[in-house]
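Chemist: The structure is given below, and queries will be raised subsequently.
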Amino acid sequence: MLKRSFCILKPENHTFLNMSDQSYFQAKDLIKFVLKNWKTFLIVGVVAVVLSIIFSSSTFIRPKYKSIATVYATTTPSVSAALTVEDNPYRKNVLEFGEEENAEQLIQILRSDMIKEVIIKEFELGKHYWLDPNHEKYEAWLDNLYRKHITFKKNSYLAVEINVVDYDAQRAADIANRIVELIDEVILKIKTDRAKEALVIMEEYARKVQAEMDSINREATSYFGEGYISADQQSQKLSEQLGIAIRNNNKRAEGKIREELKKLGKYAAQIYQFEHRAMYLNRNLEITRKQLHNIQIDNLKPMTNKFVINKAKPAYKKHYPIRSLIVIGAALLAFVITLTVLYFKENIHEFKS
Numbered sequence: 006m007l008k009r010s011f012c013i014l015k016p017e018n019h020t021f022l023n024m025s026d027q028s029y030f031q032a033k034d035l036i037k038f039v040l041k042n043w044k045t046f047l048i049v050g051v052v053a054v055v056l057s058i059i060f061s062s063s064t065f066i067r068p069k070y071k072s073i074a075t076v077y078a079t080t081t082p083s084v085s086a087a088l089t090v091e092d093n094p095y096r097k098n099v100l101e102f103g104e105e106e107n108a109e110q111l112i113q114i115l116r117s118d119m120i121k122e123v124i125i126k127e128f129e130l131g132k133h134y135w136l137d138p139n140h141e142k143y144e145a146w147l148d149n150l151y152r153k154h155i156t157f158k159k160n161s162y163l164a165v166e167i168n169v170v171d172y173d174a175q176r177a178a179d180i181a182n183r184i185v186e187l188i189d190e191v192i193l194k195i196k197t198d199r200a201k202e203a204l205v206i207m208e209e210y211a212r213k214v215q216a217e218m219d220s221i222n223r224e225a226t227s228y229f230g231e232g233y234i235s236a237d238q239q240s241q242k243l244s245e246q247l248g249i250a251i252r253n254n255n256k257r258a259e260g261k262i263r264e265e266l267k268k269l270g271k272y273a274a275q276i277y278q279f280e281h282r283a284m285y286l287n288r289n290l291e292i293t294r295k296q297l298h299n300i301q302i303d304n305l306k307p308m309t310n311k312f313v314i315n316k317a318k319p320a321y322k323k324h325y326p327i328r329s330l331i332v333i334g335a336a337l338l339a340f341v342i343t344l345t346v347l348y349f350k351e352n353i354h355e356f357k358s
């Protein structure tokens, strides 16, 4: 079986070379070319390395430091839901770490304008980033620099990492730790504002239920004055007495009982409605009072919304610039430029022809 190979034709002797041989000769020629001009490559390389070391120093590039704080979200929304509500199907362990959904919600809180505004104000980031507050694009630039230097991400263990990069190592750590503190403050404010609205609604509803209960009680009082309290119970009791009177052939008692049953039948429907309406309103009023109690408990002593795994600490190594990469990159770039210049210089006559 014949093996096919790519080849090139050399006109002078009409021999064929496959691609691997051609690559070998090209690499060999390149090595010879470099060795031939090794002094030039060495000088240019040393100069490039020295210059890259100088220009990547803190004199020319202001170094930045990175601090990371790690937290877990919690699964417990409130004290009442976690501890006081019985037979709650959504009840979770107060010590349980949050799941993916909780981590995503926590990241959204961290990216909120409330946290951003507090950090910018407390740490004077506009002044720190040398921005002109009177410039028309001040807010846009400040927001862009904030999101560039302060980022949040979820790691593979569902923990949330708060990454802060700053020119000052201690400042970066302070910002990260302050953001961790703000998590509970912001969530509490959001819940408190909503709880106030809920309290107003629930209290108004409780007043309406109580007013309706009072109205029913007033209407039922007229029937109670006639001696009618419970239609079902009184009807059952009168029926038993009627049966006894009939068995004893007590016509007088039978007549009185039948008269009472007739009067009871006249008001039975109204009494029945009052009873069931009162039971329904009492049940609603009890539920409303429990909900009001739970809201008050949550506002009295809120639970934390995070587990702090690692607090941010000042970094001892620079995050930027990475001088080793700059030096290696500069050396490689110098080599490529030198190689290109020398190659064109030696073959310029061939290119012209």
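Residue numbers (our numbering): 6 to 358. Even glycine gets a Cβ: it sits at the ideal position worked out from N, Cα and C.
1. Using only CA atoms, which one of Arg176, Glu209 and Leu344 lies nearest to Leu35?
2. Looking at the unbroken beta strand (DSSP E) that takes in Ser72, where does it start and where does it end?
3. Excluding the five sequence neighbours on either side, which residues of its own chain have a C-beta within less than 7 angstroms of the C-beta of Tyr210, listed in chain order?
4. Per DSSP, what kind of secondary structure is Glu166 in: helix, strand or coil?
5. Three Cβ pairs or more, each shorter than 8 angstroms: is that satisfied between the segment 153-167 and the segment 102-121?
6. Can you list, in chain order, the residues of its chain with a C-beta nearer than 6 angstroms to that of Lys350? Leave out the 5 residues immediately preceding and following it.
7. Helix or strand or just coil, what does DSSP make of Ile58?
8. Measuring alpha carbon to alpha carbon, tell me which residue in Lys69, Arg282, Met207 and Val76 is nearest Gln175.
9. Between which residues of its own chain and Leu147 is the CB-CB distance below 8 angstroms, once the five residues before and five after are set aside?
10. What's the C-alpha gap between Ile13 and Ala32?
11. Go ahead and pull the three-state DSSP assignment for Thr309.
12. Can you tell me which residues form a DSSP beta bridge with Thr197?
13. Considering only DSSP beta bridges, list what Phe157 is partnered with.
14. Bridge partners for Asn315 per DSSP, in chain order?
15. Determine the burial state of Leu88: buried for a count of at least 16 other Cβ atoms within 10 Å of its Cβ, exposed for fewer.
16. Going straight from the alpha carbon of Asn107 to that of Ala283, what length do you get?
17. Among Val346, Lys318, Ile331 and Val313, which has the Cα closest to the Cα of Glu186?
18. Determine the contact status of Ser57 and Val346, defining contact as a CB-CB distance below 8 angstroms.
19. Quick check on this structure: which residue in Val51, Arg116, Thr309 and Tyr285 has the alpha carbon closest to the alpha carbon of Lys153?
20. Tell me the rounded alpha-carbon separation between Val214 and Thr197.
21. Taking 8 angstroms as the CB-CB limit, is Glu122 close to chain D?
Modeler: Quick answer:
1. Leu344
2. Tyr70 to Ala78
3. Thr293
4. strand
5. yes
6. none
7. helix
8. Lys69
9. Ile125, Leu130, Gly131, Tyr134 and Leu136
10. Any reading at Ile13 is ruled out, since the residue's pLDDT is 40, under 50, leaving its predicted position unreliable.
11. coil
12. Paired residues: none, contrary to the question.
13. Ile167
14. Thr75
15. With a pLDDT of only 49 at Leu88, under the threshold of 50, the placement of this residue in the model should not be trusted, and no figure is reported.
16. 42 angstroms
17. Val313
18. no
19. Arg116
20. 25 angstroms
21. Absent here is chain D; the protein component of the structure consists of one chain.
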